[in-house]
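For the sequence shown, position 174 matches number 231 in my numbering, and the numbering has no gaps at all.
No residue lacks a Cβ here, since even glycine has one placed at the ideal position from N, Cα and C.
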Amino acid sequence: MNRYEFPSKNNWNELIKRPVLKREEVSEIVAEIFNEVQKFGDKALFDFNKKFDSVEIENLSLSKNEIDNSAQLISVGLKDAIQQAKENITKFHNSQKIEIQKIETTKGVICWRENRAIEKVGIYIPGGTAPLFSTVLMLAIPAQLAGCKEIILCTPPDKNGEINPAILYTAKLCGITKIFKIGGAQAIAAMTFGTETIPNVYKIFGPGNQFVVAAKELTQNFGIAIDMPAGPSEVLIIADENAVPEFCAADLLSQAEHGSDSQVIFVSTDREILDETIEEVEKQIKNLQRNEFAQQSLNNSHFILVETIEEALEFSNLYAPEHLILAIENFENYIPLIKNAGSVFLGNYSCESAGDYASGTNHTLPTNGFAKNYSGVSLDSFVKKITFQNLSKNGLQNLGKTIEIMAEAEGLFAHKNAVSIRLKK
C-alpha cells in the first residue's frame, strides 16, 4: 500500500496511473488466436480449450439437458437471490425505454428518432476463479428488453468440461439458450468470425482478463462493435471524518480481490480516518479466501490525504474511476462536482457490492480512465437509433431555399439540384 499526504497536483498524473500490462506480448498472442480461429473454426476452438483450459470436450454447444439440470445444482437461497436481483435490474433498465417524439423543426418538416435492437449480440462471461453469473443478468436483461433477436453466450468450461451451474441457471432464467463452452480471446474470435458451431455477432459485451480485453479491441478491426474498452476493476473512495473505516476497508477489499491487476484508491480529508482504514484493510484481508489476489492489488493502490472534499473530487475526476464511493456527510451537495465516474455510491451504507449484484444499476462499466468518455452498459447499448424525416410540399418550400444556398456554397450542385428540381414541380 502506498501512502501520500497532501501530494502536489504536479504529482497527480503519476498517482492516476493504472498497473501496466505487457501489451505487445498480449497483442501478438491474441492476433495469432484470431488467425487460427478464422482459418480453422471449431477445430481451433477445441485445440485452444485443451491448451488454455486443460480440457477436452466433444461438443462446444451445451445441450438442453445440461442447461435444465443446472437448477438442481444450486440452492433455493441462491435462486431467490438471483430472482430478486433480476427483478431490480429489469425494473431499472425498463425505465430507460423512451417514447418516440416527433418534432416539427420547420412548418411541414417533421423529424424523429426510433430505436432498433442490434439483431445479433454476444455475451462473454468469465469463468475460472470467479464465475460471474451476475454479469449474465447485467447483459442478458437489457438485451432481452431491447429486443435483440439472437443472444449467444460464451464462457469457459472447467477441467471437467462443465459450466458453473449458477451461470447456466441465470442464463436460462433470462431466456438465453445458445451457450457455448469456450473462453478467453478464442471466444471473442469465434463470435467475431463465426465457426461451424458458433454464430458470428454484430456486437460483443462482457468483462474479461487482459487477453479478452485485447481481443475485444482487435475485433473492432473486423467491423464488430464492443460495449466499451474495459480492463481490471477499480474503486475510488472519498471519505471525510464521518466515514466508517471498517466499511471503507471492506469496499476497498471487495475490488482488490478481483485480481492482482485491480486497483483501489482511498482519498480522505481526515488523517485519523485514513490511518484507521489502513489498519482495517490489514485486519480484514487476513480472513479473505482470495487474500493473495487482494494483497497483490493493494501493492498497486494508494491511500491519499488531501485538504478538502473539493480537492478529492478534482483528483477523482482526473482518475475517472469505474466505481466512486462518497463516504461523506451531505453528499448531495457534491453530486454536481462529479464529472467522470462509471457508477457512484452515496453514503456510508451504499456499498459497491450493491451495484455489482442487485440494486438494479448495471455493473458493466468503463475502467482505466475511460469513464471520461464512455458510459456503463444500459438499454441504449443494445440498440441503434435511426433518424427519420418527412417533408411535405409546404415543408420543402419553407426549407428549400436554405438547402440550396448551403449546397451551392459547398460546391455540391447535385445536392442543390435535388431541391431545385422538386421546387420547380
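- Assigned with DSSP and collapsed to three states, Q320 falls in strand.
- Separation of F388 and E123 (C-alpha to C-alpha, rounded to the nearest whole angstrom) is 48 Å.
- Put simply, the backbone Cα of I322 is about 11 Å away from that of L310.
- Spatial neighbours of P302 in its own chain (CB-CB distance under 7 Å, excluding positions within 5 residues in sequence) are listed in chain order as I330, E333, T334, E337.
- Under the three-state reduction of DSSP output, I146 falls in the helix class.
- Contact between A351 and I342 holds, since their C-beta atoms are separated by about 5 Å, short of 8 Å.
- Here the C-alpha atom of N397 lies approximately 23 Å from the C-alpha atom of D327.
- Checking the DSSP bridge columns, you'll see A174 partnered with V440.
- Per DSSP, E467 lies in no beta strand (DSSP E) and is assigned neither H nor E.
- Cβ-Cβ separation between V476 and I175: approximately 34 Å, too far for a contact (criterion under 8 Å).
- DSSP lists C168 as the beta-bridge partner residues of Q446.
- One thing to note: L210 has its Cβ within 8 Å of the Cβ of I236.
- Along the length of the stretch 354-418, whole beta strand (DSSP E) runs at least 3 residues long occupy 359-362, 380-384, 400-403, reported in chain order.
- Annotation: the continuous alpha helix (DSSP H) that includes I335 extends over 328-341.
- The C-beta of Q141 has fewer than 16 other C-beta atoms within 10 Å across all chains shown, which makes the residue exposed.
- When rounded, the separation of the alpha-carbon atoms in F304 and P256 is 45 Å.
- Using a Cβ distance threshold of 8 Å, G417 and N106 do not count as a contacting pair.
- In the three-state reduction of the DSSP assignment, S132 falls in the coil class, being assigned neither a helical nor a strand state.
- Separation of the CB atoms of V87 and F268 is rounded to 6 Å, and the pair is thereby assigned contact status at 8 Å.
- Secondary structure at N348: helix, using DSSP grouped into helix, strand and coil.
- Close CB contacts of G184 within its chain, under the 8 Å cut and outside five residues either way in sequence, are with T212, P213, P214, D215, I220, N221, I224, G240 (chain order).
- If you compare the alpha carbons of D99, H150, A272, N474 with that of E89, the shortest gap goes to A272.
- For V77, there is no enclosing alpha helix (DSSP H), as DSSP gives it neither H nor E.
- Per the coordinates, the alpha-carbon of A282 lies some 8 Å from the alpha-carbon of T276.
- Taking 8 Å as the cut-off, the beta carbon of F262 is found closer than this to the beta carbon of D284.
- Distances from the alpha-carbon of L375 to those of N357, N390, E364, L394 put L394 closest.
- Cα atoms of D125 and L189: separation of roughly 19 Å, rounded to the nearest angstrom.
- Contact holds between the stretch 198-207 and the stretch 426-441, because three or more Cβ pairs, one in each stretch, are under 8 Å apart.
- Looking at the DSSP output, L293 sits in a beta bridge with I322, L381.
- The stretch 156-171 makes contact with the stretch 448-462; the number of CB pairs closer than 8 Å reaches 3 or more.
- Within its own chain, the residues whose Cβ lies closer than 8 Å to the Cβ of H315, once the five positions on either side in sequence are excluded, are A187, P289, S290, F350, S354, listed in chain order.
- Contact check for G399 and G426: beta-carbon distance about 11 Å, past the 8 Å limit, so the pair fails to qualify.
- Taking a contact as a CB-CB distance under 8 Å, the pair D308 and V324 does not count as one, their CB atoms being some 13 Å apart.
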